[in-house]
Structure formats: C-alpha cells, structure tokens
Amino acid sequence: MKTNIKIYSLSFLILFLSLLAKAERVSNGNPIDNFCIDFEFEMTTAQYEYANTYRQLVLEIKEVNNLLIRQSGKSRKKFRKTLDRKFDLENKLSISKRYYEVTTLEIRYKKGIDLIKLLYEKILGLEHHFTGMQVYQNVAMLSNPNAYPEFKRAKEVLSQKRQKRYALDMPSLLQSNPFMSATFTLVSTFLSNGNRDQRQKDFDEIACILDFTVRMNADLNTIRHEVEFLKKANENLKSECENLFTEYTKVIGYMVPLETCRQEDDWESLYEKLNTFISTMKEVTQGEQMMMLPTPNKNQVNLEFATRRVSDFIIKYSDFTNRGIQYYQKFDNIVSTYENENTCQEVIPRQFTELKFDIKSTIEKFSNTYNLPEIQGSRLKDLMFGQVQ
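Per the numbering used here, residue 415 is the first one in the sequence shown, and the count goes up by one each step.
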C-alpha cells in the first residue's frame with residue numbers, strides 16, 4: 415500500500431509540473447486553450463494537495479492499526495486512546511475528501527462563470543458584426559435595376575429619343591415594379607431612333623443589368639432573409655446567455671443581470687459572493703455535524719446543477735456558430751456562380767464586390783473567432799463535469 419501511495423503521489427507531481435511548464439509557455443493563444451490549461455492547473459493543484467493529505471492520513475491510520483494490534487489484550491486505557499485516535503484520523507480523512515470535493519466544485523463553478531463571460535463576449539461581437547454589415551442595403555440595390563446609374567441614364571436618353579408615335583409614358587403603377595420598368599426600357603431601346611452603335615451600347619448595358627438582376631434576385635433575397643434569420647438567432651442566443659447567467663449566479667446570492675455586471679465591471683463583487691458562499695460550505699464541512707454525513711448537502715447539489723446548465727448552453731452556442739458557417743458558405747457559393755460576371759463586369763456595381771467581401775470575411779470570423787470547437791471537446795467536459803485524469 416505504501417508503494418501505491420508513492421506511485422500515486424509521484425504521478426500527480428509529474429502532472430502538476432508538466433501543467434506548470436505548459437502554463438508558462440502559453441500566452442495570447444486560443445482563449446479556450448488558455449482556459450483549459452488554467453483550469454487543469456487549478457484542478458491538479460487541488461488534487462495534488464488532497465493526495466498529499468490522503469497519503470499522510472493513510473500512513474498514520476496504518477501506524478495506528480499496527481499499534482492497536484500490539485496493544486490488544488494489554489492496557490485498555492491505552493487501547494481506547496489509540497482507538498479514538500484512529501476514529502479521529504478516519505474522520506479527518508472523510509472530511510478531507512469532502513473538503514476536496516467542495517474545492518473542486520468551487521473551481522468548476524468559477525470556470526463556469528468565466529465560460530459564460532467568454533461566450534457572451536463572442537455573442538456581442540457577432541451582434542456588432544451583423545449590425546455593421548451592409549448586406550441589406552447592398553441586396554436592395556443589387557436586386558433593383560432602377561437603382562443602377564447606367565440604367566437610369568439609359569432610361570432618360572431613351573425617353574428623349576423615342577419616336578413620337580411610340581412615345582407612351584409608363585403608368586406610375588408599373589414604375590414601382592423594377593422588372594416591369596426594366597422591360598419597358600428594354601422595349602423602348604428597339605423603338606428609339608438615333609445612332610445605331612450608341613443604341614447597341616445602351617442595349618448591352620441594359621441587357622447586362624437586367625440579366626444580373628433577374629438571375630440574382632431570388633438568390634440575393636435568400637441571402638438577405640437568411641442573414642436576418644441568423645441575426646435574430648444571435649439575439650435569442652444573447653437573451654439565453656443572460657438568462658443562464660441569472661439562473662447560474664442566483665445560487666450564490668448574486669442578483670445583478672449579466673449586462674449590468676459587464677457594463678459596471680462588477681465581476682469582483684460576483685467572485686466575492688462566491689468566496690463567501692464556498693467559505694460557508696467549507697466551515698460546515700470541517701464541523702462535527704459533517705463528519706458522518708455521507709452525501710452532498712443542498713448547496714453542493716445546487717452548484718452541481720448550475721454547472722450542468724453551462725453544458726446545455728455550450729451545445730446551443732456551438733450549433734449556432736456551425737450553422738452560421740454553413741449559411742455563409744452557401745452565400746459564398748451563390749455570389750460566385752453568376753455566369754455572366756466577366757461579360758458584364760463594367761456594369762455590376764461595387765456593392766456586389768462589397769457583398770462578396772462581407773461574406774468571405776464573415777466565414778473567416780465564424781471559423782476563426784466565433785467558432786470554438788474546443789468547448790465541446792472531451793477535455794473541457796472532463797474538467798467541467800468530471801475529474802482530471
């Protein structure tokens with residue numbers, strides 16, 4: 415048994431030192447990598463301290479057991495005193511285990527706060543990103559032929575050149591319909607007089623504009639509607655994160671909303687609440703009334719349940735970011751498939767280029783900034799909801 419204890423302690427020491435070295439090397443890296451390393455370091459520190467206490471108490475209990483064997487049949491007073499010492503050591507071992515459980519639960523709960531805080535910042539970043547994008551304005555402009563300067567100019571020229579016998583004004587009812595207006599302008603090109611080369615040039619420009627808007631209209635509107643869907647989904651995710659924080663922190667008596675806590679930088683008060691709450695649990699753990707209690711108390715159960723809520727939210731956040739990547743990859747495919755782009759490049763406005771840039775940059779942000787596949791990995795789950803191996 416003594417050999418097993420030595421091996422057990424040595425393995426923890428090796429793990430502890432390796433994590434210490436790793437923590438010193440890592441800086442400004444992936445936030446979840448830093449999060450996990452810090453988490454592992456704190457958990458392993460607690461385990462190492464518990465392992466030392468466990469080793470010492472087990473050795474003392476073994477010595478007492480040997481002493482009891484030697485004292486058997488001799489002085490009852492000494493035997494009773496030694497037996498009381500054994501019971502005391504066993505109680506200390508039980509309390510040490512419970513104390514360790516509370517300590518690791520404290521670490522996990524605190525890291526749950528840090529994780530909520532990290533994900534909330536990512537969600538706010540996405541909210542600012544969606545707000546700043548020009549998708550709606552660009553799509554509205556690109557989908558409407560009447561918004562193109564070349565189209566407006568051609569309409570004015572054609573209106574002046576039409577022969578009087580064909581000089582019909584388009585009804586205002588149809589002017590509001592972009593494609594009816596485009597059709598009217600296209601037909602007017604055939605009926606106008608003037609230089610044939612100029613008419614051909616006007617017709618080519620109008621044809622390109624009409625071809626682009628007709629082919630891309632449905633796809634561009636799909637982009638607009640699905641971006642709106644993602645924006646709303648991100649708003650819902652933000653509300654869920656705020657509700658999670660409220661439910662998570664009310665367990666320890668902290669009643670300040672997440673947005674307020676963030677704006678007023680009230681994190682120190684939150685951690686003070688947690689320290690007070692845990693200190694109370696540890697005081698009870700060390701008291702006599704806890705010595706023979708084999709099951710966790712209500713406060714410990716509440717903290718355990720609260721950390722489980724974080725797991726559910728991690729899944730929702732990961733699903734959202736993965737879905738965002740898929741949507742924007744589809745958008746990128748849409749804007750890259752206009753077959754006449756080279757022919758009509760001079761007519762297609764800069765908004766189309768801007769839209770392409772927005773889509774590609776958003777894919778990059780979703781993939782590298784907002785998508786955190788590590789938070790669903792077994793490593794973090796073991797830390798949050800299990801033990802360091």
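From the three backbone atoms N, C-alpha and C, an ideal C-beta is built for every residue, glycine too.
Skipping 5 residues on each side, what residues in its chain have a beta carbon closer than 6 angstroms to that of residue i?
{"i": "residue 482", "result": "496"}
{"i": "residue 695", "result": "516, 713"}
{"i": "residue 667", "result": "687"}
{"i": "residue 748", "result": "633"}
{"i": "residue 776", "result": "742"}
The alpha helix (DSSP H) spanning residue i covers which residue range?
{"i": "residue 370", "result": "Absent from the model: residue 370. The displayed extent of the chain is 415 to 803, so no value can be given."}
{"i": "residue 766", "result": "764–779"}
{"i": "residue 673", "result": "672–677"}
Consult DSSP for residue i and reduce its assignment to one of helix, strand or coil.
{"i": "residue 750", "result": "coil"}
{"i": "residue 755", "result": "coil"}
{"i": "residue 786", "result": "coil"}
{"i": "residue 761", "result": "coil"}
{"i": "residue 562", "result": "coil"}
{"i": "residue 630", "result": "helix"}
{"i": "residue 680", "result": "coil"}
{"i": "residue 693", "result": "helix"}
{"i": "residue 486", "result": "coil"}
{"i": "residue 731", "result": "helix"}
{"i": "residue 702", "result": "Because residue 702 carries a pLDDT of 48, less than 50, the predicted location of this residue cannot be relied on, and the following value inherits that uncertainty. Note: residue 702 maps to helix in three-state DSSP."}
{"i": "residue 711", "result": "coil"}
{"i": "residue 667", "result": "coil"}
Going by C-alpha to C-alpha distance, which of the options sits closest to residue i?
{"i": "residue 514", "options": "468, 528, 547", "result": "468"}
{"i": "residue 636", "options": "715, 721, 742", "result": "742"}
{"i": "residue 735", "options": "512, 667, 536, 688", "result": "536"}
{"i": "residue 807", "options": "621, 689, 561, 727", "result": "Lying before the first or after the last residue shown, residue 807 is absent from the chain, which here runs from 415 to 803."}
{"i": "residue 752", "options": "546, 729, 661, 622", "result": "622"}
{"i": "residue 715", "options": "618, 627, 523", "result": "523"}
{"i": "residue 692", "options": "501, 744, 520, 759", "result": "520"}
{"i": "residue 528", "options": "675, 474, 787", "result": "675"}
{"i": "residue 480", "options": "470, 490, 500, 464", "result": "500"}
{"i": "residue 652", "options": "682, 787, 494, 730", "result": "730"}
{"i": "residue 560", "options": "498, 505, 494, 628", "result": "628"}
Within this structure, are the beta carbons of residue i and residue j separated by less than 8 angstroms?
{"i": "residue 476", "j": "residue 485", "result": "no"}
{"i": "residue 641", "j": "residue 549", "result": "yes"}
{"i": "residue 648", "j": "residue 541", "result": "yes"}
{"i": "residue 686", "j": "residue 673", "result": "no"}
{"i": "residue 717", "j": "residue 665", "result": "yes"}
{"i": "residue 724", "j": "residue 526", "result": "yes"}
{"i": "residue 530", "j": "residue 634", "result": "no"}
{"i": "residue 503", "j": "residue 478", "result": "yes"}
{"i": "residue 772", "j": "residue 547", "result": "yes"}
{"i": "residue 534", "j": "residue 763", "result": "no"}
{"i": "residue 618", "j": "residue 754", "result": "no"}
{"i": "residue 457", "j": "residue 518", "result": "yes"}
{"i": "residue 510", "j": "residue 473", "result": "no"}
{"i": "residue 631", "j": "residue 557", "result": "yes"}
Could you pull out every residue in the same chain whose Cβ sits closer than 7 angstroms to the Cβ of residue i, ignoring the five residues on either side in sequence?
{"i": "residue 552", "result": "765, 768, 769"}
{"i": "residue 774", "result": "746"}
{"i": "residue 663", "result": "684"}
{"i": "residue 758", "result": "622, 625, 626"}
{"i": "residue 779", "result": "543"}
Enumerate in chain order the residues of its own chain whose CB-to-CB distance from residue i is below 8 angstroms, with the five nearest sequence positions on each side excluded.
{"i": "residue 442", "result": "Unreliable positioning characterises residue 442 in this predicted model, as indicated by a pLDDT of 47, which lies under 50. The coordinate reading is nonetheless provided below. Nothing meets the Cβ criterion."}
{"i": "residue 544", "result": "641, 644, 645, 648"}
{"i": "residue 784", "result": "536, 539, 540, 735, 738"}
{"i": "residue 661", "result": "720, 723"}
{"i": "residue 680", "result": "670, 674"}
{"i": "residue 654", "result": "727, 730"}
Does the ligand NAP have even one heavy atom less than 7 angstroms from the beta-carbon of residue i?
{"i": "residue 673", "result": "In the structure on display, the ligand NAP does not appear, and there are no ligands present to speak of."}
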